[in-house]
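Everything below concerns the one structure shown next.
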Amino acid sequence: MADNVKHNVSYHMGNCIPQETTIKDVRLARAYVPFQKMCSIFSPIEALKRGTIFPELYSPYESKEKKYKSPDKNR
Amino acid sequence: MSDDKKKLELLEQIMAIDFMVVDLNLYLNTHPMDKDALAKYNSFAMQSKMLRESYERLYGPISQGSTSSYPWQWIKEPWPWEYEANPTLSREVK
């Protein structure tokens with residue numbers, strides 16, 4: 001989590017926001033994906049480890065296993 | 076540094092650079108007018124080509140269609156799916 005915060009700082013540097021900030025002509029009750037805009041990218045090794053070259057797209061699955069494990073043990 | 080270690084390091088570099096090429100390629104498919112992304116793509120594609128050439132000069136073909144020195148190097152062990160043939164990326168991403 002601290003890492004994501006760090007990246008937020010780095011990719012907002014120089015006022016570069018990695019996506020469109022206003023969306024026009026969108027219909028109600030329809031899903032919309034904001035258009036990406038490349039700002040900074042990871043170094044090759046970091047990108048390979050994370051599975052994306054874009055800091056703004058790096059969002060690992062955070063396991064909540066610990067929460068579920070404790071009731072299991074009581075069974 | 077042992078030859079095996081050098082070989083794995085070079086392979087890891089190629090894998091990492093090739094991943095940059097793949098992801099920038101995908102981005103460019105939807106952003107064909109992004110000059111910065113295109114420049115980065117071209118730079119990484121060139122780097123990939125050069126790294127592959129130096130790897131193949133030392134250790135033999137990395138993909139079909141590359142030349143081989145004598146004897147035929149394609150069948151040299153370890154095979155690509157074997158543990159010894161793969162770099163272990165440290166997983167301390169947090």
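Protein sequences appear in the order of chains A and B.
According to this note's numbering, the first sequence is numbered sequentially starting from 1.
According to this note's numbering, the second sequence is numbered sequentially starting from 76.
All C-beta atoms in this analysis are idealised placements derived from N, C-alpha and C, irrespective of residue type, glycine included.
Drop a sphere of 10 angstroms on the beta-carbon of residue i, count the other beta-carbons inside from all chains shown, and report buried for 16 or more, exposed for fewer.
i	result
A:Asn-74	Note that A:Asn-74 scores 49 on pLDDT, short of 50, meaning its location in the model is unreliable and no value can be drawn from it.
B:Asp-143	A small fix is needed here, since residue 143 of chain B is Ser in this sequence, not Asp. The residue in question, B:Ser-143, is exposed, as its Cβ has fewer than 16 Cβ neighbours within 10 Å.
B:Ser-123	buried
B:Gln-88	buried
B:Ala-91	buried
B:Pro-146	exposed
B:Lys-80	exposed
A:Ile-53	buried
A:Lys-24	exposed
A:Val-9	Because the pLDDT of A:Val-9 is 43, which lies under 50, any placement of that residue in the model is unreliable, and the number read from its coordinates should be weighed accordingly. Exposed.
B:Leu-126	buried
B:Pro-155	exposed
A:Glu-20	exposed
A:Cys-16	exposed
B:Leu-110	Sequence inspection shows Lys at residue 110 of chain B; the Leu mentioned does not correspond to that position. Exposed.
A:Glu-56	buried
B:Lys-24	No statement about residue 24 of chain B is possible, as the shown extent of chain B runs from 76 to 169 and does not include it.
Run down chain A in chain order and give the residues with a C-beta less than 9 Å from the C-beta of residue i.
i	result
B:Asn-99	The residue you asked about is not Asn; residue 99 of chain B is Leu in the sequence shown. Going along chain A in sequence order, the residues near B:Leu-99 (Cβ under 9 Å) are Met-38, Ile-41 and Ile-53.
B:Tyr-102	Gln-36, Met-38, Ile-53 and Phe-54
B:Leu-164	Ile-45, Leu-48 and Lys-49
Counting only Cβ pairs nearer than 9 Å, list the residues of chain B close to residue i.
i	result
A:Ala-47	Ala-91, Phe-94, Met-95 and Asp-98
Exercise for the section: Report yes or no: do the region 100-110 of chain B and the region 28-39 of chain A share at least 3 C-beta pairs separated by less than 8 Å? Expected result: yes
Handout entry: Where the region 104-120 of chain B meets chain A: residues whose CB sits under 9 Å from a CB there
Key = Thr-105, His-106, Asp-109, Asp-111, Ala-112, Lys-115 and Phe-119
Problem - Inter-stretch contact (C-beta, 8 Å, three-pair minimum) for the region 44-56 of chain A and the region 90-100 of chain B - result: With contact defined as three or more Cβ pairs closer than 8 Å, the region 44-56 of chain A and the region 90-100 of chain B are in contact.
Practice task
Mind listing, in chain order, the continuous alpha helix (DSSP H) runs of no fewer than 4 residues lying wholly within the region 9-53 of chain A?
Solution key: 44-50
Handout entry: 4 or more residues per run - each alpha helix (DSSP H) lying fully within the region 83-114 of chain B
Key = none
Problem - In chain order, each beta strand (DSSP E) run of at least 3 residues that lies wholly inside the region 111-169 of chain B - result: Fully enclosed beta strand (DSSP E) runs of no fewer than 3 residues are not present anywhere in the region 111-169 of chain B.
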